[in-house]
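Participant: Residue numbers (the working numbering), protein chains in the order written: chain X, 1 to 263; chain C, 264 to 526. Have a look at the structure that comes next, please.
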DNA sequence: CTCTGAATTTCGTGC
DNA sequence: GCACGAAGTTCAGAG
């Protein structure tokens with residue numbers, strides 16, 4: 001409040017006021033929220049229609065548009081990226097048109113009653129982190145194979161972090177020098193994960209590798225997937241996410257200590 | 264406006280006011296929107312943290328919670344279904360806690376500044392349709408195989424609408440009596456679609472069927488998928504979505520006419 | 001309950 | 001740009 005105007009909230013605006021406020025926000029690329037009795041129509045990769053009802057329309061500065069109904073997590077309509085936004089008053093309604101070029105999609109929102117419009121006048125962006133991703137589990141396996149998978153494995157390419165299309169998560173060797181392919185899943189593994197691993201193992205065998213082992217590493221596995229895995233001669237290793245988290249945390253601390261000693 | 268209070272909008276509320284308004288809305292299961300300078304912390308299947316910044320928090324009557332930042336289509340944090348919602352004031356902040364039992368997940372949103380809170384007092388739910396789903400394309404193929412796929416096929420089981428796990432979209436026979444399996448994709452088909460079809464065809468062959476044909480029906484196909492498909496001895500049929508839409512529409516009109524004649 | 005597959009999936013990354 | 005794979009995927013249907 002003392003830090004200057006952060007939000008403009010207009011309650012029950014007239015048609016022309018609503019259009020004016022929306023146009024100003026869209027033109028100056030300020031995020032906005034509109035609530036009201038609206039209909040929505042989408043045409044593009046599919047086609048859909050949302051009947052008149054209370055909707056919440058969110059328009060962000062990057063051009064993403066989200067139309068929420070009163071129920072559920074998923075939006076009724078949306079547009080992840082728009083190339084054109086139009087605001088007009090047509091037949092006593094506020095009409096917003098959101099066009100995306102590629103793929104060609106059009107989202108039209110018509111509001112016969114606008115409850116309020118809120119504009120973020122001086123938006124403050126905050127950072128965002130997510131931890132314990134699949135990639136971090138992969139790193140934990142590469143760094144601590146004994147602790148996570150229960151046997152000593154060597155992964156010469158463990159620094160290759162990004163997964164190329166058609167390549168498994170980890171390629172390495174066991175203590176007897178046999179090639180080992182590890183497929184990592186952060187959640188319970190299904191049949192698709194087994195088939196994926198099988199493809200990589202067969203590809204390696206076709207390239208002339210001998211005695212290739214395939215290991216599926218996941219917190220759990222479905223019965224059907226387990227069955228397919230055993231029929232395919234592959235192995236399953238259960239991983240303990242809490243343990244992995246602990247290993248990574250200690251790894252981080254160690255790294256921090258090393259950095260400290262280097263300084 | 265003439266129809267009674269539809270929204271309550273409170274701008275820049277004090278801490279205790281905000282808590283009061285939020286509690287009342289949550290308790291009476293009214294949808295609400297809050298905008299402000301907030302942080303969010305999630306712990307459950309993964310763990311994430313959103314730093315202080317402008318957030319839009321949406322809480323719906325069914326318990327779904329969505330936290331949007333200033334960018335992108337996807338929410339920063341969410342909870343599709345909550346079993347507990349808590350609202351308190353802690354250390355000069357509004358703290359909302361959203362708990363989900365299964366899977367066990369906790370989302371905590373702390374707001375150090377509340378720009379506004381809007382409550383939908385008498386929500387109006389609107390209907391929703393989506394058309395031209397994969398299932399409708401499948402129906403069009405079953406009803407008009409010549410028009411969509413360019414040859415006369417017969418699908419004895421075409422009325423089975425729901426796809427069971429491990430079963431292809433359509434089983435039928437061509438004009439020479441050979442079994443035909445059709446896999447339908449509403450969007451450009453990738454390698455995964457070809458592998459799926461191949462599994463179904465091989466399953467049918469293993470069950471003793473002879474001369475089984477596999478047809479992948481989609482608006483387009485990727486190069487890699489086309490290559491895999493040809494190596495696997497499967498067929499591709501390009502489908503024209505506009506044509507399918509037209510066929511279904513005429514089908515609907517016909518049905519309506521029949522209904523009219525029956526009445 | 002779990003499993004399976006679709007989604008206007010979106011999103012990132014490699015090519 | 002396209003393609004492939006992950007996602008706190010969500011969601012709906014079947015067993």
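Just so it is clear, CB atoms sit at the ideal spot from N, CA and C, and this is done for glycine as well. Given the structure is predicted, the values throughout are model-derived calculations rather than measurements.
1) Tell me the rounded alpha-carbon separation between residue 152(X) and residue 145(X).
2) By Cβ distance below 6 Å, which residues in the same chain neighbour residue 59(X) in space, the five residues on each side in sequence not counted?
3) Residue 52(X) CB to nearest chain C CB: under 8 Å?
4) Tell me, please, whether the CB atom of residue 182(X) is closer than 8 Å to any CB atom in chain C?
5) Is it the case that the stretch 114 to 133 of chain X contacts the stretch 7 to 16 of chain X, given that we only count it when at least three CB pairs across the two stretches are under 8 Å?
6) Going straight from the alpha carbon of residue 7(X) to that of residue 137(X), what length do you get?
7) Would residue 383(C) and residue 54(X) qualify as a contact pair, given that the criterion is a beta-carbon distance under 8 Å?
8) Pick out the complete beta strand (DSSP E) segments inside the stretch 456 to 493 of chain C, 3 residues or longer, and give them in chain order.
9) Could you confirm whether any beta carbon from chain X is found closer than 8 Å to the beta carbon of residue 393(C)?
10) Tell me the DSSP secondary structure of residue 430(C) in three-state form.
11) Alpha carbon to alpha carbon, how far is residue 311(C) from residue 131(X)? Give it in angstroms, no decimals.
12) Given this structure, state the Cα-to-Cα distance separating residue 192(X) from residue 28(X), to the nearest angstrom.
13) Can you name, in chain order, every residue of its own chain whose Cβ lies under 6 Å from the Cβ of residue 218(X), other than the five neighbours on each side?
14) Taking the C-alpha atoms as reference points, what is the distance between residue 248(X) and residue 96(X)?
15) Enumerate in chain order the residues of its own chain whose CB-to-CB distance from residue 282(C) is below 8 Å, with the five nearest sequence positions on each side excluded.
16) With distances taken between CB atoms, is the gap from residue 484(C) to residue 460(C) smaller than 8 Å?
17) Expressed to the nearest angstrom, what Euclidean distance is found between the alpha-carbon atoms of residue 194(X) and residue 124(X)?
18) Can residue 497(C) and residue 464(C) be called in contact, C-beta distance under 8 Å?
19) Along chain C, in chain order, which residues have C-beta atoms closer than 9 Å to that of residue 94(X)?
20) Fully enclosed by the stretch 91 to 177 of chain X, which alpha helix (DSSP H) runs are 4 residues long or longer?
21) Taking 8 Å as the threshold (beta carbon to beta carbon), is residue 490(C) in contact with chain X?
22) Return the first residue and the last residue of the alpha helix (DSSP H) that residue 27(X) is part of.
23) Hey, out of 335(C), 418(C), 341(C) and 336(C), whose CA is closest to residue 305(C)'s CA?
24) Near residue 174(X), which residues of its chain fall below 7 Å by C-beta distance, leaving aside the five closest residues on each side in sequence?
25) With 8 Å as the threshold, decide whether the Cβ of residue 265(C) is near any Cβ in chain X.
26) For residue 348(C) and residue 273(C), which I take to be in contact (beta-carbon distance under 8 Å), what is that distance rounded to the nearest angstrom?
27) Output yes if chain X places a C-beta closer than 8 Å to the C-beta of residue 521(C); else output no.
28) For a quick check, are the C-beta atoms of residue 56(X) and residue 40(X) less than 8 Å apart?
29) Which of the three DSSP states, helix, strand or coil, is assigned to residue 304(C)?
30) Check this for me: beta carbons of residue 313(C) and residue 245(X), under 8 Å apart or not?
31) Residues of the stretch 270 to 287 of chain C with a CB closer than 8 Å to any CB of chain X: list them in chain order, please.
32) Hey, how far is the Cα of residue 148(X) from the Cα of residue 240(X)?
33) Quick one: Cα of residue 24(X) to Cα of residue 236(X), how far?
34) Which residues bound the beta strand (DSSP E) around residue 234(X)?
35) Using Cβ-Cβ distances below 7 Å, what residues of the stretch 359 to 389 of chain C are close to chain X?
36) Who pairs with residue 273(X) in a beta bridge, going by DSSP?
Facilitator: Let's see:
1) Here the question's residue 152(X) lines up with position 152 in the first chain. Here the question's residue 145(X) lines up with position 145 in the first chain. Distance between the alpha carbons of residue 152(X) and residue 145(X) is about 6 Å.
2) Along the first chain, one-based indexing puts residue 59(X) at 59. Contacts found: 32 and 65.
3) Locating residue 52(X) in the first chain gives position 52, where the first residue counts as 1. For residue 52(X), the answer is yes, since a Cβ of chain C falls inside 8 Å of its Cβ.
4) Along the first chain, read from residue 1 onward, the residue named residue 182(X) stands at position 182. No, residue 182(X) does not count as interfacial toward chain C.
5) yes
6) As a first step, residue 7(X) is located in the first chain; it is residue number 7 there, counting from the start. As a first step, residue 137(X) is located in the first chain; it is residue number 137 there, counting from the start. Roughly 42 Å separates the two Cα atoms.
7) Position 120 of the second chain, counted from the start, is the residue given in the question as residue 383(C). Position 54 of the first chain, counted from the start, is the residue given in the question as residue 54(X). Yes.
8) 476 to 481
9) Counting from one through the second chain, the residue named residue 393(C) turns up at place 130. Answer yes: the Cβ-Cβ gap between residue 393(C) and chain X drops below 8 Å somewhere.
10) In the second chain, the residue the question calls residue 430(C) occupies position 167. Coil, per DSSP.
11) Start at 1 with the first residue of the first chain, and residue 131(X) comes out as number 131. Start at 1 with the first residue of the second chain, and residue 311(C) comes out as number 48. Cα to Cα, residue 131(X) sits roughly 6 Å from residue 311(C).
12) Translated into positions along the first chain, residue 192(X) becomes position 192. Translated into positions along the first chain, residue 28(X) becomes position 28. Roughly 46 Å separates the two Cα atoms.
13) The residue labelled residue 218(X) in the question sits at position 218 within the first chain. Excluding residues within five positions, the ones whose Cβ falls inside 6 Å are 185 and 189.
14) Counting from one through the first chain, the residue named residue 248(X) turns up at place 248. Counting from one through the first chain, the residue named residue 96(X) turns up at place 96. About 48 Å.
15) Here the question's residue 282(C) lines up with position 19 in the second chain. 350, 351, 352 and 357.
16) Within the second chain, numbered from 1, the residue matching residue 484(C) stands at position 221. Within the second chain, numbered from 1, the residue matching residue 460(C) stands at position 197. For residue 484(C) and residue 460(C), no; Cβs fall outside 8 Å.
17) As a working mapping, residue 194(X) is identified with position 194 in the first chain. As a working mapping, residue 124(X) is identified with position 124 in the first chain. Roughly 44 Å between the two C-alpha positions.
18) As a working mapping, residue 497(C) is identified with position 234 in the second chain. As a working mapping, residue 464(C) is identified with position 201 in the second chain. Yes, these two residues count as a Cβ contact at 8 Å.
19) The sequence position of residue 94(X) within the first chain is 94, counting from 1. The contacting residues do not exist; residue 94(X) stays about 15 Å from chain C at best.
20) 134 to 143 and 145 to 149
21) Within the second chain, residue 490(C) is the residue found at index 227, counting from 1. No, its Cβ sits nowhere closer than 8 Å to a Cβ of chain X.
22) For this step, residue 27(X) is matched to residue 27 along the first chain. Where residue 27(X) is concerned, the enclosing alpha helix (DSSP H) stretches over 15 to 27.
23) Locating residue 305(C) in the second chain gives position 42, where the first residue counts as 1. Ranking 335(C), 418(C), 341(C) and 336(C) by Cα distance to residue 305(C) puts 341(C) first.
24) Within the first chain, the letter at position 174 stands for residue 174(X). Contacts found: 151, 153, 180 and 213.
25) Counting from one through the second chain, the residue named residue 265(C) turns up at place 2. For residue 265(C), the predicted model reports a pLDDT of 46, less than 50, meaning its position is unreliable; a value from the coordinates is still stated below. It does not: the Cβ of residue 265(C) has no partner Cβ on chain X nearer than 8 Å.
26) Translated into the one-based positions of the second chain, residue 348(C) becomes position 85. Translated into the one-based positions of the second chain, residue 273(C) becomes position 10. Not quite, the Cβ-Cβ distance comes to about 19 Å (not below 8 Å), so this is no contact.
27) Working through the second chain from its first residue, we reach residue 521(C) at position 258. Its pLDDT being 43, under 50, residue 521(C) is placed unreliably by the model, and the measurement read from it follows with that caveat. No, because no Cβ of chain X sits closer than 8 Å to the Cβ of residue 521(C).
28) Position 56 of the first chain, counted from the first residue, corresponds to residue 56(X). Position 40 of the first chain, counted from the first residue, corresponds to residue 40(X). No, the Cβ-Cβ distance between residue 56(X) and residue 40(X) is not below 8 Å.
29) As a working mapping, residue 304(C) is identified with position 41 in the second chain. If DSSP states are grouped into helix, strand and coil, residue 304(C) belongs with the strands.
30) Position 50 of the second chain holds residue 313(C). Position 245 of the first chain holds residue 245(X). No; because the gap between Cβ atoms is not below 8 Å, this pair is not in contact.
31) 270, 272, 274 and 275
32) Walking along the first chain from the start, residue 148(X) turns up at place 148. Walking along the first chain from the start, residue 240(X) turns up at place 240. If you take the alpha carbons of residue 148(X) and residue 240(X), they lie about 7 Å apart.
33) Numbered from 1 along the first chain, position 24 holds the residue referred to as residue 24(X). Numbered from 1 along the first chain, position 236 holds the residue referred to as residue 236(X). The alpha-carbon atoms of residue 24(X) and residue 236(X) are separated by roughly 58 Å.
34) Here residue 234(X) corresponds to residue number 234 of the first chain, with the count starting at 1. Element bounds for residue 234(X): n/a, residue is neither H nor E.
35) 378, 379, 381, 383, 386, 387, 388 and 389
36) Outside the shown range of chain X, which is 1 to 263, sits residue 273(X), and nothing can be said about it.
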